[in-house]
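**Q**
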Amino acid sequence: MINNHIKKLESDLENLNPKLTELNEVVESEQLKLSEAINNRNFIKNQVDVLNDEIAYWKTVQERTNELNGESTTLDVENDIREQL
Numbered sequence: 070m071i072n073n074h075i076k077k078l079e080s081d082l083e084n085l086n087p088k089l090t091e092l093n094e095v096v097e098s099e100q101l102k103l104s105e106a107i108n109n110r111n112f113i114k115n116q117v118d119v120l121n122d123e124i125a126y127w128k129t130v131q132e133r134t135n136e137l138n139g140e141s142t143t144l145d146v147e148n149d150i151r152e153q154l
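Under the numbering used here, read the sequence shown as residues 70 to 154, first letter to last.
(1) If you draw a straight line from the alpha carbon of Leu82 to that of Glu94, how long is it in whole angstroms?
(2) Using the Cα positions of Val96 and Thr129, report the straight-line distance between them to the nearest angstrom.
(3) To the nearest angstrom, report how far apart Gln11 and Leu103 are at their CA atoms.
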């Protein structure tokens, strides 16, 4: 009776083994896809961070340029007034 039970368990194990192997392959494939997706997300996030830094830099340059242009315009007007007097 115990031997029959052992044989039944061995048979069940043999039937399960191919299914487990197939399932393992599916899991590994999905893990690879997930890993690639995470890498792509991180790459894109890094690119966005770099672009945000670049935008902040150029905004600062633009603000400073506007300030300098405003100062130049003010100085030009003051010089023109002095020249006319």
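Where a beta carbon is used, it is the ideal one built from N, C-alpha and C, also for glycine.
**A** Well, looking at it:
(1) 18 angstroms
(2) Pairing Val96 with Thr129, the inter-Cα distance amounts to about 49 angstroms.
(3) Outside the displayed range of the chain (70 to 154) lies residue 11, so it cannot be described from this structure.
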